[in-house]
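In what follows, a single structure is set out as structure tokens and then discussed.
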Amino acid sequence: DSGVTQTPKHLITATGQRVTLRCSPRSGDLSVYWYQQSLDQGLQFLIQYYNGEERAKGNILERFSAQQFPDLHSELNLSSLELGDSALYFCASSVEPGQGLEKLFFGSGTQLSVL
Amino acid sequence: GQQVMQIPQYQHVQEGEDFTTYCNSSTTLSNIQWYKQRPGGHPVFLIQLVKSGEVKKQKRLTFQFGEAKKNSSLHITATQTTDVGTYFCAGQRSSASKIIFGSGTRLSIRP
């Protein structure tokens, strides 16, 4: 158990819908990262937050948005869903970026299926 | 933008054979990390390399960071069935930049 909690584990929805994925980082970790993993693909970096502020952005679609709340949990919002958005979405946390010892702890992921 | 490439994409070996995966970055990295993802699981941190030419060992696993800090490798000696999974490298251009993952190498093993 990594200590990172992601809910829900599975999500099935239809095209055009909007969903919210939730992540609670490990206790004490200030930074949250979101990655997308499509079938048999690598981990595509979406976005990173540190202590409530956006820290870095990857190839995140405009239909996607995220935020980190004061209690440090994070939500990833996916809207106007398309079939191609079906993927495993991972959240990861680390203690503090920029210290040169950034080690990511991953949650179990949310499997999103868009039908 | 920053790219991290990894080869091979797949490797199927006989149990007991060695295995190596290679990682190459388009830019110089401040550090590189390796993760293992078991089938159906999530990536788990294995190790981080920071220094040019660094070599680290964990039992049967040997990790290397290139002199130019643009490439890295993971070598597993005498594979076992427990080594099955996908191995990812992940690099950072600076200690404060985003962590970019390679495409991964999926290792399968014939008992």
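Chains as they are written, first to last, in my numbering: chain R, 44 to 158; chain P, 4 to 114.
The beta-carbon is built from N, C-alpha and C at its ideal position, and this holds for glycine as well.
1) Decide if E105(R) is buried, meaning its Cβ has at least 16 other Cβ atoms within 10 Å, or exposed.
2) Which of the three DSSP states, helix, strand or coil, is assigned to T50(R)?
3) Could you check the C-alpha separation between P11(P) and P113(R) for me, to the nearest Å?
4) Could you list the residues in the stretch 90 to 113 of chain P with a C-beta less than 9 angstroms from some C-beta on chain R, going in chain order?
5) Identify the contact partners of H45(P) in chain R, using a Cβ-Cβ distance below 8 angstroms as the criterion.
6) Assign G94(P) to one of three DSSP states: helix, strand, or coil.
7) Kindly say whether F107(R), judged by its beta-carbon, lies nearer than 8 angstroms to any beta-carbon of chain P.
8) Note down the Cα distance separating K60(P) from Q84(R), rounded to an integer number of angstroms.
9) Can G101(R) be considered in contact with the ligand HEM, in the sense that its beta carbon sits closer than 7 angstroms to one or more heavy atoms?
10) Please work out which residues of its chain come closer than 7 angstroms, Cβ to Cβ, to D128(R), disregarding the five sequence neighbours upstream and downstream, and give them in chain order.
11) Using a Cβ distance threshold of 8 angstroms, determine whether the stretch 145 to 153 of chain R contacts the stretch 44 to 55 of chain P, with at least three qualifying pairs required.
12) Cα separation between K62(P) and R96(P)?
13) I'd like to know whether the C-beta of Q51(P) is nearer than 8 angstroms to at least one C-beta of chain R.
14) So, using beta-carbon positions, are T63(R) and E97(R) closer together than 8 angstroms?
15) Pull the bridge partners of H116(R) from the DSSP assignment, please.
16) Against F115(P), what residues of chain R qualify as contacts under a CB-to-CB distance less than 8 angstroms, listed in chain order?
On the basis of the supplied data:
1) In the first sequence, the residue the question calls residue 105(R) occupies position 62. E105(R) should be labelled exposed.
2) Reading the first sequence from its first residue, position 7 is the one you call residue 50(R). Three-state DSSP puts T50(R) in a strand.
3) On the second sequence, residue 11(P) is found 8 positions in, with the first residue counted as 1. On the first sequence, residue 113(R) is found 70 positions in, with the first residue counted as 1. The straight-line gap from Cα to Cα measures roughly 42 angstroms.
4) F91, A93, Q95, S97, S98, A99, S100, K101, I102, I103, F104, G105, S106, G107 and R109
5) In the second sequence, counting from the first residue as 1, residue 45(P) sits at position 42. The contacting residues are S45, F133, F149, G150, S151 and G152.
6) Sequence index remark: in the second sequence, residue 94(P) carries index 91 (1-based). Strand, per DSSP.
7) To locate residue 107(R), count along the first sequence from 1; it is residue 64. No - not a single Cβ of chain P is within 8 angstroms of the one on F107(R).
8) Along the second sequence, read from residue 1 onward, the residue named residue 60(P) stands at position 57. Along the first sequence, read from residue 1 onward, the residue named residue 84(R) stands at position 41. Cα-Cα distance, rounded: 27 angstroms.
9) Questions concerning the ligand HEM fall outside what the structure shown contains, since it holds no ligand whatsoever.
10) Within the first sequence, residue 128(R) is the residue found at index 85, counting from 1. Around D128(R): L121, L155 and V157.
11) yes
12) To locate residue 62(P), count along the second sequence from 1; it is residue 59. To locate residue 96(P), count along the second sequence from 1; it is residue 93. Rounded to the nearest angstrom, the two C-alpha atoms are 28 angstroms apart.
13) Counting from 1 along the second sequence, the entry for residue 51(P) is found at position 48. Judged by the 8 angstroms Cβ criterion, Q51(P) is in contact with chain R.
14) Taking the first sequence and counting its residues from 1, the one referred to as residue 63(R) is at position 20. Taking the first sequence and counting its residues from 1, the one referred to as residue 97(R) is at position 54. Not closer than 8 angstroms, so no.
15) On the first sequence, residue 116(R) is found 73 positions in, with the first residue counted as 1. Note: H116(R) sits in no beta bridge, so no partner.
16) Limits of chain P in this structure are 4 at one end and 114 at the other, which puts residue 115(P) out of reach.
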